[in-house]
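Residue numbers (full-length UniProt numbering): 1 to 948.
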């Protein structure tokens, strides 16, 4: 190094010293500019521009062609960390290869999503791995390790976990609050993040849009109190898109954007994703907050330091030492083979009464809306290769052995003038929409305005009407083009698939009140109705009275086509499920577990015609299906580019299925809690607490082989237990088995999970082969969060170690006695009670005590709530009770039997964060009793103090 070379360029120095040196050379204005997602170059120092954020959930997304792997929930269904790590390696390798040719591709990847799949109606179910925190963290850790790479100093990509915290609803996602009591916070929601961060391959997290306990995640004290205590590494916190502005604009949590930006920065947000590429507003807000004294330069420096630390790890300042700088591997044979392997391992055989595998040369009818589809989702890359179920079956069994019926209704739309909607053939499109060889380029079709709109004529065009349920449908021309609406409002056959942030290819048919067979065609994306004029069909009518009235003439029912195909087949495969852009996706939760009505009708038609009917579900989430008269049910997430090949190989028995359900499949909507009820303990959610009978349980999945479990051994280890057992393939084919190890407290003092996954392993066994599997369980596996004392606790007593093939298929069991720390009564005279530390509650929600920290409890909607605190030690006796409360209402403390200990009338306070402290004499209470607190009105109770 020369004397003139700045220290931050000295690769011999530790990263921390180099970061400090670079930071010291930046002006305040330059540091502020770095806080936006699109950080500009600092040319005087030779520092390049940098962008946080590259979507890479199951392949490189939004940047054009890339290898597309199964959806995240499918990777979770593999229960295979080694596989998922290799997928992460392939994805990050393609990020690097694409970056070499396109500097828009970022190395700070926003993946994986580790939100727990608590509720199966969540629209983004496809993005998570599991409802179980340990399985989620295991899969997420594997993926982040693959994304990071294995170099000790330099990272291939820098993964950021999404979305912190307790985020499972799209309905009102930027204004709803998740009420998360301490036990659920520590034992459930934090756990998936914590174990992944502690593994050391995570660059940071992204806060979610929602609020937790009344406070937006983007100003959460948990970033400081929990996240950053789990590692010594600098963690980068990137805001979600538009969330900084939401703090004022939709959440109204702060009065000014300067206050909001300062609060987010102080809470720990380091990079602001807002207003697209325009950084001026964020710069203006930070500058204003600094001028108003809401921020200090030290606050800004802390955020910039964490950003720079990531950039050094990515090799930006040491290109000659960066081991990943010259990565060129993209769409390689190895990546294609891995995509197929991942798709095969993600397939879950839910039920099989001998129909599978398909042997010999059967005549196969493959039917259904997903039979010839390879669907992508919002976070997919563009397909280079594609394999649908139909194509996979053609490839494996021969096209002459396979019959296909999509099962859509074929319709013509007749106008009130007696003419019909008509689509011009593809040959009438312009040359601009064609590729080098003259074929239509589907990627260029959607949204085009130079294609001819639909018009009318005396014969019309047969359209495929595809009913996705809940009144949502798509319409497709005979050449495969979907009807879509461009910015000019005209309806054209111009989309290869439904898609986009606002889907422009979905419609509703609304019956017309004054026309017996008349319907209005409403475009979902704009909310307007289709009208017909001389220049073509257009969505221009806001008022239904101005819309065209169509008569829907069915030229063929989908059930009839399915019946014909099923009648001559040896086996019928009904491929059903969802389109990831419709009825359940980001911004849209599902409303039911049921299959769409049209798909149920197709299934019934196939089953009525042919008893050898298998249901193949290709979906991003669970369904509740009546499978009593079906011999076979199989599920796979949308499996990426090799989905069809993988499915055909499993159906043929070339591969024995070994995927396992990563979440509970419930039998009906009645089994589900409210979407916004985040108390998994109190409302008995997920396999951990659910007391009903699931349709298919967590961890379930069948094989073409059979396995026995033997010789369970549980022995004390250095810091826990050593568990071992033997698994043997007693079947006739080589196959994978996913051995699952659960624990259960026999007689807990507080509600514990019915059983809880402690470890798992996917193993491959030849026929007759055995494997001895060993696990080490730390004692922390058996702990719970003791709200009475605010700490983790291992109760002494008996625990069961359970081994089996699913959470409900337990083959081996061994009780063990563990020493621990007995729970003791709450020392309420010494420490009082934090209101949120209740054991049970009714009609209460946790809210923010202040905008920066702390919790309070209030009745839902100003009604009446009850809190229960078990085993409170009143010692020699109470004489006074003090409450800290805000708002307005009453607080009543009672003992068992209804004896009132104290009651309070809380007068109106100036605001929800202005607390009053009131002390009153108490009825005498001694020794240990449960304590009930009743809240009425808009009161917010923060704390109770008791003294003797």
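Every residue gets a Cβ at the ideal spot worked out from N, C-alpha and C, and that includes glycine.
The structure displayed is predicted, hence computed values, not measured ones.
From the DSSP output, in three-state form, read off residue i for me.
{"i": "residue 598", "result": "helix"}
{"i": "residue 436", "result": "Residue placement at residue 436 cannot be trusted, given a pLDDT of 37 that sits under 50; the coordinates are not used to answer."}
{"i": "residue 263", "result": "helix"}
{"i": "residue 289", "result": "helix"}
{"i": "residue 125", "result": "helix"}
{"i": "residue 63", "result": "coil"}
{"i": "residue 209", "result": "coil"}
{"i": "residue 740", "result": "strand"}
{"i": "residue 890", "result": "strand"}
{"i": "residue 761", "result": "strand"}
{"i": "residue 392", "result": "helix"}
{"i": "residue 590", "result": "coil"}
{"i": "residue 698", "result": "coil"}
{"i": "residue 873", "result": "strand"}
{"i": "residue 855", "result": "strand"}
{"i": "residue 257", "result": "helix"}
{"i": "residue 915", "result": "coil"}
{"i": "residue 829", "result": "helix"}
Take residue i as the anchor and find which of the options has the nearest alpha-carbon.
{"i": "residue 710", "options": "804, 780, 485 and 650", "result": "804"}
{"i": "residue 203", "options": "295, 43, 228 and 733", "result": "228"}
{"i": "residue 559", "options": "542, 549, 530 and 597", "result": "597"}
{"i": "residue 218", "options": "251, 456, 376 and 448", "result": "251"}
{"i": "residue 110", "options": "454, 943, 208 and 715", "result": "208"}
{"i": "residue 920", "options": "492, 884 and 22", "result": "884"}
{"i": "residue 57", "options": "378, 281 and 331", "result": "378"}
{"i": "residue 384", "options": "876, 367, 335 and 800", "result": "335"}
{"i": "residue 684", "options": "751, 715 and 721", "result": "751"}
{"i": "residue 910", "options": "939, 935 and 825", "result": "939"}
{"i": "residue 607", "options": "590, 887 and 567", "result": "567"}
{"i": "residue 149", "options": "107, 189 and 179", "result": "107"}
{"i": "residue 770", "options": "734, 52, 363 and 748", "result": "734"}
{"i": "residue 931", "options": "827, 856, 908 and 937", "result": "827"}
{"i": "residue 798", "options": "51, 659, 748 and 612", "result": "748"}
{"i": "residue 380", "options": "716, 848 and 70", "result": "70"}
{"i": "residue 53", "options": "205, 24 and 165", "result": "205"}
{"i": "residue 718", "options": "306, 775, 101 and 727", "result": "775"}
{"i": "residue 389", "options": "101, 742 and 649", "result": "649"}
{"i": "residue 288", "options": "263, 221, 311 and 310", "result": "263"}
Spatial neighbours of residue i within its chain, please: CB distance less than 8 Å, with the 5 preceding and 5 following residues excluded, ordered by chain position.
{"i": "residue 176", "result": "169, 210, 211 and 676"}
Apart from the five residues on each side of it in sequence, which residues of its chain come closer than 6 Å, Cβ to Cβ, to residue i?
{"i": "residue 443", "result": "Model confidence at residue 443 stands at a pLDDT of 44, short of 50, so the residue's coordinates are unreliable; what they give is reported in the following sentence. So the list is empty, once near-sequence residues are dropped."}
{"i": "residue 587", "result": "170"}
{"i": "residue 84", "result": "75, 139, 142 and 143"}
{"i": "residue 616", "result": "573, 575 and 634"}
{"i": "residue 330", "result": "94 and 97"}
Any idea if residue i is buried or exposed, counting beta-carbon neighbours within 10 angstroms, 16 or more meaning buried?
{"i": "residue 328", "result": "exposed"}
{"i": "residue 692", "result": "exposed"}
{"i": "residue 764", "result": "exposed"}
{"i": "residue 668", "result": "exposed"}
{"i": "residue 767", "result": "exposed"}
{"i": "residue 418", "result": "exposed"}
{"i": "residue 293", "result": "exposed"}
{"i": "residue 802", "result": "buried"}
{"i": "residue 831", "result": "exposed"}
{"i": "residue 345", "result": "buried"}
{"i": "residue 274", "result": "buried"}
Compare the C-beta of residue i against all C-beta atoms of chain D and say whether one is closer than 8 Å.
{"i": "residue 348", "result": "Of the protein chains in the structure, only one exists, and it is not chain D."}
Excluding the 5 residues preceding and the 5 following residue i in the sequence, name in chain order all residues of the same chain whose CB lies nearer than 7 Å to its CB.
{"i": "residue 431", "result": "Bear in mind that the predicted position of residue 431 carries a pLDDT of just 47, short of 50, making it unreliable; the figure below should be weighed with that in mind. Hits under 7 Å: none found."}
{"i": "residue 7", "result": "13, 17, 18 and 21"}
{"i": "residue 465", "result": "408, 409, 411, 473 and 475"}
{"i": "residue 794", "result": "779, 782, 783, 818, 820 and 821"}
{"i": "residue 724", "result": "713, 772, 773 and 774"}
The segment 351-361 contacting the segment 627-640, beta-carbon criterion three pairs below 8 Å: yes
Hey, is the segment 847-867 in contact with the segment 183-202, meaning 3+ C-beta pairs nearer than 8 Å? no
Pairing CB atoms from the segment 454-469 with CB atoms from the segment 336-346, are three or more of them under 8 Å? no
Does the segment 78-94 come close enough to the segment 32-44 that 3 or more CB-CB pairs lie under 8 Å? no
Whether or not the segment 299-317 and the segment 264-283 are in contact is what I'm after, with contact meaning three or more pairs of Cβ atoms, one per stretch, closer than 8 Å; do they touch? yes
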